Amino acid sequence: MKILIATGNKHKREEIQQILNGLEVELISIDQLPESIEVEETGETFTENARLKAEAYFELTGLPVLADDSGLEVPALNNEPGVRSARYAGENADYLKNNQLLLERMKDLASSDRKARFRCVMCFKTSEGEWFFEGITEGEILQEFRGSGGFGYDPLFYVPALQKTYAELTPEEKNRISHRGLALKKFKKFLKEYLKKFDKRQ
589 MKILIATGNK HKREEIQQIL NGLEVELISI DQLPESIEVE ETGETFTENA RLKAEAYFEL
649 TGLPVLADDS GLEVPALNNE PGVRSARYAG ENADYLKNNQ LLLERMKDLA SSDRKARFRC
709 VMCFKTSEGE WFFEGITEGE ILQEFRGSGG FGYDPLFYVP ALQKTYAELT PEEKNRISHR
769 GLALKKFKKF LKEYLKKFDK RQ
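Shown next, in the form of structure tokens:
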């Protein structure tokens with residue numbers, strides 16, 4: 589079975605490929621498509637945005653599509669940056685600018701108010717329907733960067749249980765506990781059963 593991974597984010601794509609490794613599927617990147625589309629993420633929730641992307645790419649290609657939307661939620665900031673995590677400091681902002689804005693908005697918060705969570709919602713769409721998978725990792729936001737791995741808010745997102753930021757974890761460690769890793773594990777379990785039914789229909 590071919591599955592289109594509906595993201596242009598290289599880091600996300602690599603995480604997905606690592607976790608789904610070993611399954612009898614061919615993962616296709618949107619970079620491999622003869623034409624590309626720009627999907628406006630106009631949803632108010634991660635679920636809505638994941639669905640928008642999955643539906644748009646399914647309509648374009650007819651292939652089964654795995655799309656995700658994910659981001660950081662800080663309860664003390666009314667769950668900002670939320671669905672705007674990638675463009676928190678503006679449409680063309682890079683990771684550094686987003687992180688700097690987050691630190692600025694949290695500078696006067698007490699340590700007890702620096703709790704945060706990463707949330708990922710994945711949508712798998714085929715001709716038979718669509719299914720959703722969610723992963724959440726709880727942590728807190730540090731006052732300075734730590735670690736050189738990962739991307740996005742990883743250098744600021746501290747996981748107390750591991751006493752490390754996302755950026756200090758190896759890819760294998762991160763995949764075990766990250767929001768995307770947890771959502772993908774649920775999807776992988778579902779996909780194994782789905783593939784059995786798919787094979788019987790072939």
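Note that this note's numbering has the sequence shown beginning at 589, numbered continuously upward. The beta-carbon is built from N, C-alpha and C at its ideal position, and this holds for glycine as well. Small disclaimer: the values here were computed from a predicted structure and weren't measured.
Using a 10 Å radius around the Cβ and a threshold of 16 neighbouring Cβ atoms, would you call residue i buried or exposed?
i, result
"G740", "buried"
"F778", "exposed"
"L690", "buried"
"K762", "buried"
"G717", "exposed"
"D742", "buried"
"S673", "buried"
"E668", "buried"
"E679", "exposed"
"N687", "buried"
"E760", "exposed"
"D657", "buried"
"A704", "buried"
"A755", "buried"
"E580", "Here the chain comprises residues numbered 589 to 790, so residue 580 is not present and cannot be evaluated."
"E661", "buried"
Among the residues of its own chain, which have a CB less than 6 angstroms from the CB of residue i, if the five just before and after it don't count?
i, result
"P652", "I591 and T714"
"Y746", "G727, E728, L730 and T753"
"K695", "none"
"E629", "N637"
"E692", "none"
Quick one: what's got a C-beta closer than 7 angstroms to residue i's C-beta in the same chain, skipping five residues either side?
i, result
"A594", "I618, K641, A642, Y645, V653, L654 and A655"
"K701", "It is Asp, not Lys, that sits at residue 701 in the sequence shown. Hits under 7 angstroms: A664."
"R675", "A681"
Please report how far the alpha carbon of residue i lies from the alpha carbon of residue j, in whole angstroms.
i, j, result
"S736", "K785", "42 angstroms"
"N637", "I724", "17 angstroms"
"G650", "N597", "21 angstroms"
"W719", "H599", "23 angstroms"
"L684", "K780", "38 angstroms"
"F733", "I765", "20 angstroms"
"R601", "G769", "12 angstroms"
"A677", "A771", "27 angstroms"
"M710", "T635", "7 angstroms"
"S624", "L744", "33 angstroms"
"E603", "Q751", "22 angstroms"
"H767", "L783", "24 angstroms"
"F706", "G659", "6 angstroms"
"E626", "L648", "11 angstroms"
"E722", "Q620", "27 angstroms"
"R639", "D682", "25 angstroms"
"A698", "F712", "39 angstroms"
"T758", "G738", "9 angstroms"
"C708", "P622", "28 angstroms"
"K774", "G670", "22 angstroms"
Within its chain, find whatever has a CB closer than 8 angstroms to the CB of residue i; leave out the 5 residues flanking it on each side and keep chain order.
i, result
"K776", "I607, L608 and L611"
"I616", "K590, I591, L592, I593 and L651"
"E614", "M589, K590 and I591"
"P748", "G727 and E728"
Considering only heavy atoms of the ligand COA, does any lie closer than 7 angstroms to the CB of residue i?
i, result
"Y683", "For the structure depicted, the ligand COA is absent and the ligand set is empty, with no information on it obtainable."
Exercise for the section: Please list the segments of the beta strand (DSSP E) lying wholly inside the segment 695 to 778, counting only runs of 3 or more residues, in order along the chain. Expected result: Runs of the beta strand (DSSP E) inside the segment 695 to 778: 703 to 714, 717 to 729 and 745 to 747.
Handout entry: Every unbroken alpha helix (DSSP H) inside the segment 622 to 682 [4 residues or more]
Key = The alpha helix (DSSP H) runs of length 4 or more contained entirely in the segment 622 to 682 are, from start to end of the chain, 634 to 649.
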